[in-house]
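Report on one structure; see the data block that follows.
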Amino acid sequence: MKPWEFVESESSHDYGIFRTRVDHLRSPRTQHVLRRVIVEPPDWVNVIARTIEGTFLMVRQIRHGIAAPSLEIPAGAIEVNESPAQAAARELLEETGHQATTLRELGRVFPNPAFQTNTCYLYLADQCHKVQEPEQDPGEDIHLETWTREELLAASRDGRIQHSLVIAALYYLRDQENDWRSP
3 MKPWEFVESE SSHDYGIFRT RVDHLRSPRT QHVLRRVIVE PPDWVNVIAR
53 TIEGTFLMVR QIRHGIAAPS LEIPAGAIEV NESPAQAAAR ELLEETGHQA
103 TTLRELGRVF PNPAFQTNTC YLYLADQCHK VQEPEQDPGE DIHLETWTRE
153 ELLAASRDGR IQHSLVIAAL YYLRDQENDW RSP
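The sequence shown begins at 3 in the numbering used here and counts up by one.
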């Protein structure tokens, strides 16, 4: 497959949590120059948090894009000069008040490569234990829940978990740990 030829790019808007740009690209098939809006969010982390007892920490919060609650794993943007692992540990602590004994990258996915430039790093935070109260950002209203492995499997099958990046992380864990058994 031939790549599209880059013709030019123009800045669009900075929305704080992401920027946009407009790229003009030449199709190798038709030679037409087409305009494409590109969204440039920071890279993200999603963290499956397994406690010392073997249960999983889940967060429930209102997501404004769907105007409804969403059942998720701790997650967030990677800050400037922060590694994905550092971001995973920070988000876990901020959203749940827990720290992990071990932190392992499960994989990486592109949230939407059709028009987004970022990568989402998927982590397993294992042997989590509470060290403080959660420190939510002013715009967060996170409710912490504890789920068993069986409950998560059922929720990922029956639609109670609908966030695609959470499902991707759970898939990576299940694939790597033979149905989520501890290593």
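A virtual CB, placed ideally from N, CA and C, is assigned to each residue, including glycine.
Legend entry - First and last residue of the uninterrupted beta strand (DSSP E) at Q63: Per DSSP, Q63 belongs to the beta strand (DSSP E) from F58 to R65.
Legend entry - Classification of R37 by the beta-carbon crowding that lies within 10 angstroms, buried from 16 upward: exposed
Inset, instruction - Could you check the C-alpha separation between P140 and E96 for me, to the nearest Å? - result: 12 Å
Inset, instruction - Kindly indicate which residue of Y173, I163, V39 and A127 has the alpha-carbon position closest to the one of H15. - result: V39
Legend entry - Span separating the alpha-carbon of G109 from that of L27: A straight line joining the alpha-carbon of G109 with that of L27 spans about 30 Å.
Inset, instruction - From the DSSP output, in three-state form, read off V9 for me. - result: strand
Legend entry - Cα-Cα separation, P44 to R151: 31 Å
Inset, instruction - With T98 as the anchor, note down where its alpha helix (DSSP H) starts and where it stops. - result: Here the alpha helix (DSSP H) through T98 covers P86 to T98.
Legend entry - Which residues DSSP lists as bridging P71, in chain order: I64
Legend entry - Residue closest to V47, alpha-carbon to alpha-carbon, out of E84, H66 and E55: When only C-alpha atoms are compared, the closest one is E84.
Inset, instruction - Identify whether I19 lies in helix, strand or coil by the three-state DSSP scheme. - result: In the structure shown, I19 sits in coil (DSSP, three-state: anything other than H, G, I, E or B).
Legend entry - I163 versus E107 - alpha carbon distance: Counting only the Cα atoms, E107 lies some 21 Å from I163.
Legend entry - Inter-residue CB distance, G99 and E135 (contact presumed, cutoff 8 Å): 5 Å
Inset, instruction - Confirm, please, whether the CB-CB distance from I64 to A171 is below 8 Å. - result: no
Inset, instruction - Tell me whether the beta-carbon of R21 lies closer than 8 Å to the beta-carbon of E42. - result: The Cβ-Cβ distance between R21 and E42 falls below 8 Å.
Legend entry - For I40, the residue or residues it bridges with in DSSP: R23
Inset, instruction - Using alpha carbons as the reference points, say which of V82, L59 and L126 lies closest to A90. - result: L126
Inset, instruction - Give a yes or no on whether the C-beta atoms belonging to C130 and I75 are separated by under 8 Å. - result: no
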